[in-house]
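For the sequence shown, the numbering used here gives the first residue as 57, with consecutive numbering after it. Where a beta carbon is used, it is the ideal one built from N, C-alpha and C, also for glycine. Each remark here refers to the structure printed beneath this line.
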Amino acid sequence: GSSKAVQEALRRLHIPFQLISRAKSHETITYEQLRKNPDYYHTHPLIINTTPLGMHPDTQSCPPINFDEITPEHYVYDLIYNPARTTLLQRAEMRNANIKNGLEMLHLQAEKSWEIWSR
């Protein structure tokens with residue numbers, strides 16, 4: 057769903073990205089590999105969570121990233137909008153990263169849907 061859309065948008069904008077998952081595949085690295093290679097944080101200042109980790113009702117969960125590597129140069133975007141400030145966003149904000157939740161995306165999708173279906 058949303059992960060594929062984000063990947064396509066990043067490709068169209070020519071923004072390099074690395075997929076991270078619990079399980080390794082030909083497209084992804086694992087969180088364990090990320091932990092062992094913190095250089096990814098320096099070469100990828102944009103972090104986008106497209107998983108349900110942190111969504112209501114399990115609001116305390118969070119992708120297992122190393123927040124010590126997050127800097128004010130990072131942009132952390134969580135597609136979740138309930139809660140508005142997920143654990144991921146709260147912890148990134150504590151590191152002075154730029155943060156954004158998925159509420160605006162939800163609104164933009166609703167507007168586009170309305171436009172399409174009311175023709």
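| Item | Value |
| --- | --- |
| Extent of the continuous beta strand (DSSP E) run through LEU102 | 102 to 105 |
| Exposure of LEU69, with buried meaning 16 or more beta-carbon neighbours within 10 Å | exposed |
| Cβ contact (3+ pairs, closer than 8 Å) linking the stretch 76 to 83 and the stretch 125 to 141 | no |
| Whole-number beta carbon distance between GLY110 and ILE85, since they are thought to touch under 8 Å | The pair is not a contact, with the Cβ atoms about 21 Å apart (cut-off 8 Å). |
| Close beta carbons around ASN138, own chain, < 6 Å, minus the five adjacent residues each side | HIS112 |
| Exposed unless 16 or more other CB atoms sit within 10 angstroms - verdict on PRO94 | exposed |
| Own chain partners of PRO120 with C-beta closer than 6 Å, once the 5 adjacent residues on each side are dropped | TYR87 |
| ASN152, buried or exposed, once every other Cβ within 10 Å from all chains shown has been counted against 16 | exposed |
| For HIS98 and ILE155, the rounded distance between their alpha carbons | 17 Å |
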